[in-house]
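Contents: one structure, followed by commentary.
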Amino acid sequence: MNIILSVLLALASMPAQQTTATVEPPCTKPSTSVITEKERTLIPFGHVEQSAGAEISGIVKSRFHENLYWIINDSGNIPAIIPVDAKGRVLSEDKKGIMISGMKNRDWEELAIDERGNLYICDIGNNFGNRRDLAIYVIQENPEKPGMKTAFTTIPVRYPEQKIFSNLKPMFDAEAAFLFHGNLYILTKRWNDQTTSIYTIDIANANNSMNDLKYRCNYPINGLVTAADISPDEKTVAILTYNALWLLSGFTGDDFFNGIVQKIPLRHTGQVESICFTSNDSLMAVNEQRNEMFMIAIPQIHQGSPQEISGAQSTLLTK
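Whatever position you read off the sequence shown (first residue = 1), add 1 for my numbering.
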């Protein structure tokens, strides 16, 4: 986001960090290791048209329509869901997307989707830790033709551990989320220690008044988490930071970090803040600043043991 510099400057003068009431449990067992691959350079595959906006913060692949992706912009932009193809061409007639009447874009930071075509617009950006109006908007994709159904549901959420809403408290900022077995998993963007905390909410049991996010665990990801997604077969989780792509596979249940953990360092990617699976074997990422689109082919690491895939390398498509 454009305020990253101001956030970093504010960190230098911020008061002591607010901490959770209890010791944060780790997401991994002591025996879990990280497989680090060779550093990669992403090469643009396409560019999102400027009419779609210049602060793209979320992307998902349509569940019903071929070569169709839905994108959103973050704070300061109109509350629109924008259809684009794999080259970044905007597919709506007005080139601005579908306006959703009644929605507000306070800080849309992530877009998730389930197998039924329900889109989850995550209004969870909280750079200064002072928001009391975090929310998830749920709206359904039209299976008949590219578009959205008019009705949507609002799910207000909060972090029960957060007690202070003044000054800069970056432990409760988030830009990454995905759906798994009916639960929305939110990964925080912790500016103070560059770890990530995982929170969940059971969508089926959520209400329209207020919902506490359930704290799960914390992982030392050594970066600022900007996006996440899970593959269509639910066997691989992708987590994006400004300097690396993390791939989690071979896990049991939702114990994501206790299977095979693969880290692919990235360079010269800029402010990449959106990612989605295009298939079980490939990802699409978008640079927020330059609207560049990257296609990333990944290895089927969940089919091998850590020893078998220790030398595996993902292929970057350069077409």
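Every residue, glycine too, gets a C-beta built ideally from N, C-alpha and C.
Would you decide whether M296 is buried or exposed? Buried here means 16 or more other CB atoms lie within 10 Å of its CB. buried
Would you list the residues sitting across from R268 in a DSSP beta bridge? T42
Straight-line gap, A22 to T189 (C-alpha atoms, nearest Å): Unreliable positioning characterises A22 in this predicted model, as indicated by a pLDDT of 44, which lies under 50. The coordinate reading is nonetheless provided below. Near 17 Å, if we compare the C-alpha coordinates of T189 and A22.
In whole angstroms, what is the alpha-carbon distance linking Y73 and G54? Position check: residue 73 holds Ile in this sequence, whereas Tyr was assumed. Computed Cα separation, rounded: 9 Å.
Could you name the residues of the same chain whose beta carbon sits closer than 8 Å to that of T154, not counting the 5 residues immediately before and after it, in chain order? Y138, V139, I140 and N209
Among the candidates M104, L112, N131 and N193, whose CA atom is the shortest distance from the CA of A152? M104
With DSSP as the reference, label S52 as helix, strand or coil. helix
Here's the rule I'm using: 16 or more other beta-carbon atoms within 10 Å means buried, otherwise exposed. How should P221 be labelled? exposed
Short Cβ contact (9 Å threshold) for I240 with T197: yes
My parser needs the beta strand (DSSP E) runs of 3 or more residues fully inside the stretch 93 to 141; what are they? 111 to 114 and 119 to 124
Mark R217 as exposed unless 16 or more other C-beta atoms lie within 10 angstroms of its C-beta, in which case mark it buried. buried
Grouping DSSP H, G and I as helix and E and B as strand, with all else coil, what is I36? strand
For Q195 and N219, the rounded distance between their alpha carbons: 11 Å
R268 to R291, Cα distance in whole Å? 15 Å
Assuming P80 and G118 form a contact by the criterion Cβ under 8 Å, report the distance between their Cβ atoms to the nearest whole angstrom. Rounded, the Cβ-Cβ distance is 19 Å, inconsistent with contact.
Give the secondary structure of A81 by DSSP, where H, G and I count as helix, E and B as strand, and everything else as coil. strand
Pairwise C-alpha distance: I99 and I165: 36 Å
When DSSP labels each residue in this structure, what does P27 get in the three-state scheme? strand
Proximity below 9 Å, CB of E56 to CB of G89: no
Measure how close the beta-carbons of S275 and G59 come, nearest whole angstrom, since I'm counting them as under 8 Å. 5 Å
Report the three-state DSSP secondary structure of T319 (helix, strand or coil). Reliability of the predicted coordinates at T319 is poor, the pLDDT of 31 falling under 50, and the value obtained from them is presented with this limitation in mind. Three-state result, T319: coil.
Can you tell me where the beta strand (DSSP E) with W247 in it begins and where it stops? A245 to S250
Below 6 Å CB to CB, which residues in the same chain sit around E25 once its five sequence neighbours on both sides are set aside? N219
Sort A298, W247, L214 and D234 by Cα distance to L225 and report the nearest one. W247
Endpoints, beta strand (DSSP E) assigned at L188: N184 to T189
Taking P266 as the reference, which of N212, N281, Y243 and L92 has the closest Cα? Y243
Own chain partners of M149 with C-beta closer than 8 Å, once the 5 adjacent residues on each side are dropped: I82, I99, I101, L120, I140, Q141, E142 and N143
CB contact flag (I156, N184, <9 Å): no
With distances taken from CA atoms, which of D174, T227 and T37 is nearest N127? D174
Does the beta-carbon distance from T227 to E176 come in below 9 Å? yes
Does the beta-carbon distance from D86 to N106 come in below 9 Å? no
For the candidate residues P27, G251 and N68, whose alpha-carbon lies nearest to that of P147? N68
Alpha carbon to alpha carbon, how far is N288 from L43? 11 Å
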